[in-house]
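Engineer: So the sequence lines, in the order shown, correspond to chains A and B.
Sequence positions in the first sequence follow my numbering and run 4 to 195.
Sequence positions in the second sequence follow my numbering and run 23 to 205.
Structure incoming, see below.
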Amino acid sequence: MKKLSLLIMSALISMTMQLQAQATEYKIDTRGAHAFVQFRIKHLGFSWLYGRFDKFNGNFVFDKSDPKASSVQVNIDTRSLNSNHAERDKHLRSADFLDVAKFPTASFISTSFIPGKDDTAKLNGKLTLHGVTKEISIDVTNLGGGKDPWGGDRQGFSGTTEIALKDFGIDFDLGPASQTVEIMLDVEGIKI
Amino acid sequence: MQILNSQYRYGLVAITLHWLMAPAIIGNFALGLWMTGLSYQHPWYHQAPQIHKSIGILLFMALLLRLLWRWGNQSPKLEPSPHWQILIAKLTHRVIYCVLLMIVFSGYLISTADGRSIDVFGWFDVPATIYNIDGQEDIAGEVHEWLAWSLIVLVVIHALAALKHHFYNRDSTLRKMLGMPTK
């Protein structure tokens with residue numbers, strides 16, 4: 004009997020914890036396109052080439068009073084790669100690069116959120132790209148948040164990280180100046 | 023040589039079109055195969071696709087002219103052959119025309135998928151008409167590649183049949199397209 008009540012108690016506690024967590028959960032605003040997954044890579048070392056993924060979705064948990072408990076998960080449709088050039092996009096989607104027929108989804112799942120100075124933080128997590136999962140660290144800034152004019156509640160972040168193409172098994176040679184890609188994440192989430 | 027076709031042989035226009043298009047088709051297939059495997063640093067990385075696209079557009083124009091010429095002009099009488107061979111020969115010709123048309127069209131859909139035009143040897147631009155369809159360049163690319171391989175199979179059948187007529191049957195089938203005196 005004691006065991007049972009303990010079980011119920013713990014179930015109730017975990018439920019309320021979940022409710023609390025839900026209270027600070029945000030859905031990334033892809034519907035309103037206040038979220039961007041962009042990348043840039045040097046072209047021959049002469050200029051920056053920008054591209055983005057048009058289709059992705061994700062959620063994050065954030066509570067200003069307890070930032071350490073923050074977490075985020077994002078799924079990216081790699082087929083939605085867009086660098087404003089169809090022939091290049093076709094090549095980037097091919098087996099030479101992202102091989103999207105085989106790996107149509109890339110994902111990021113956070114493992115820890117380490118608050119730093121001001122509104123910055125280090126967001127660590129697992130990035131799965133091209134079928135390879137690797138631990139990466141994203142420099143994040145909480146740009147702002149709060150009530151929006153339409154009755155919702157939002158939080159916005161900007162994050163950057165750099166990955167080596169080789170680390171994710173992409174070995175098409177673009178030259179010595181183009182070994183790494185910068186990824187730029189700008190997301191606004193709406194409280195759900 | 024006469025300009026128009028006669029019931030005995032092909033005329034100058036048909037022969038010229040045929041022998042201009044044949045190496046262009048085979049050459050563009052080889053070029054397409056080669057250029058898709060080039061490394062990024064290769065000197066031909068940008069030039070090869072430019073040439074491939076330009077030849078493709080010119081082939082399309084030549085094909086239109088050829089079809090018009092074919093329809094507005096008699097074709098030489100076929101050499102006596104078994105009924106099934108005539109059927110297959112006619113079918114192969116028609117399928118070659120259709121597949122060639124579809125190859126050029128699918129290639130056009132790849133390069134114009136973002137609304138960019140195709141520059142033909144710097145002479146003129148072919149504007150985009152159908153673009154921004156989801157996955158357009160990828161689907162068109164798959165179709166383009168499959169059709170190109172199919173065309174080469176058809177071309178081999180077509181060429182082998184012509185050689186068979188020339189060397190085995192010893193008839194005038196190939197001579198008519200070479201402008202040689204017929205037997």
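Ideal Cβ positions, reconstructed from N, Cα and C, are used throughout, including at glycine.
Remember, predicted model here, so these are calculated numbers, not experimental data.
Since Trp51/A is in the beta strand (DSSP E), which residue starts that stretch and which ends it?
Structural biologist: Ser50 to Phe56
Engineer: Just list the residues that DSSP pairs Pro118/A with in beta bridges.
Structural biologist: Ala124/A
Engineer: Quick check on the DSSP output: the alpha helix (DSSP H) that includes Tyr130/B runs from which residue to which?
Structural biologist: For Tyr130/B, the uninterrupted alpha helix (DSSP H) run begins and ends at His105 to Ser133, by DSSP.
Engineer: Could you please tell me which residues of the stretch 175-187 of chain A, in chain order, have their CB closer than 8 Å to any CB of chain B?
Structural biologist: Phe175, Asp176, Leu177 and Gly178
Engineer: Listed in chain order, which residues of the stretch 92-109 of chain A have Cβ atoms closer than 7 Å to some Cβ of chain B?
Structural biologist: Asp92, Lys93 and Arg96
Engineer: Under 8 Å, CB to CB, which of the residues in the stretch 123-139 of chain B have a partner in chain A?
Structural biologist: Ile132, Ser133, Thr134, Ala135, Asp136 and Arg138
Engineer: Can you find a CB in chain D that lies within less than 8 Å of the CB of Glu159/B?
Structural biologist: Chain labels in this structure do not include chain D; the protein chains are A and B.
Engineer: Rank Ile195/A, Asp189/A, Ile193/A and Lys194/A by C-alpha distance to the C-alpha of Val40/A and give the top, closest one.
Structural biologist: Asp189/A
Engineer: Looking at the structure shown, is Asp66/A part of a helix, part of a strand, or coil, going by DSSP?
Structural biologist: coil
Engineer: Going by DSSP, what residue range makes up the beta strand (DSSP E) through Ser181/A?
Structural biologist: Unbroken run through Ser181/A: none, as it is neither H nor E.
Engineer: When we look at the beta-carbon of Ile186/A and count the other beta-carbons within 10 Å, is it buried (16 or more) or exposed?
Structural biologist: buried
Engineer: In the DSSP assignment, find the alpha helix (DSSP H) that holds His133/A and state where it starts and stops.
Structural biologist: Per DSSP, His133/A belongs to no alpha helix (DSSP H) and is neither H nor E.
Engineer: What three-state label does DSSP hand Gln72/B in the structure shown?
Structural biologist: Residue state for Gln72/B is assigned as helix, using DSSP reduced to three classes.
Engineer: Which runs of the alpha helix (DSSP H), 4 residues or longer, sit entirely within the stretch 40-100 of chain B?
Structural biologist: 69-93
Engineer: Less than 8 Å between CB atoms is the rule here; does Tyr67/B satisfy it with respect to chain A?
Structural biologist: no
Engineer: So what does DSSP say about Ile173/A, is it helix, strand or coil?
Structural biologist: coil
Engineer: If you measure beta-carbon to beta-carbon, which residues of the stretch 30-49 of chain A are closer than 7 Å to chain B?
Structural biologist: none
Engineer: Keeping to the same chain, check which residues put their C-beta closer than 7 Å to that of Pro149/B; ignore five residues upstream and five downstream.
Structural biologist: Non-local C-beta neighbours of Pro149/B in its own chain, meaning closer than 7 Å and more than five positions away in sequence, comprise Ser139, ordered along the chain.
Engineer: Would you identify the three-state DSSP class for Tyr17/B, choosing helix, strand or coil?
Structural biologist: The requested residue 17/B does not occur in the structure, where chain B is confined to residues 23 to 205.
Engineer: Identify whether Asn87/A lies in helix, strand or coil by the three-state DSSP scheme.
Structural biologist: coil
Engineer: Label Tyr130/B either buried or exposed according to how many other C-beta atoms from any shown protein chain fall within 10 Å of its C-beta, with 16 as the threshold for buried.
Structural biologist: buried
Engineer: Our contact map puts Gly162/A next to Ile141/A with C-beta atoms below 8 Å; I'd like the distance itself, whole angstroms only.
Structural biologist: 4 Å
Engineer: Identify the contact partners of Gly163/B in chain A, using a Cβ-Cβ distance below 8 Å as the criterion.
Structural biologist: Lys93
Engineer: Residues of chain A with CB closer than 8 Å to the CB of Tyr62/B, please, in chain order.
Structural biologist: For Tyr62/B, the chain A residues whose C-beta falls within less than 8 Å of its own C-beta are Phe175, Asp176, Leu177 and Gly178, listed in chain order.
Engineer: Mind listing which residues of the stretch 124-143 of chain A have their C-beta closer than 9 Å to chain B's C-betas, in chain order?
Structural biologist: none
Engineer: Can you confirm whether Glu191/A, when its beta carbon is compared against all beta carbons of chain B, has any partner nearer than 8 Å?
Structural biologist: no
Engineer: If contacts are defined as beta-carbon pairs under 8 Å, then Leu81/B and Ile47/B qualify, I think. What distance do you get, rounded to the angstrom?
Structural biologist: Between Leu81/B and Ile47/B, the beta carbon gap of about 7 Å places them in contact (Cβ cut-off 8 Å).
Engineer: Would you call the stretch 172-181 of chain A and the stretch 25-45 of chain B in contact, with 3 or more CB pairs under 8 Å?
Structural biologist: no
Engineer: So is Pro203/B buried or exposed if we call it buried at 16+ other beta carbons inside 10 Å?
Structural biologist: exposed
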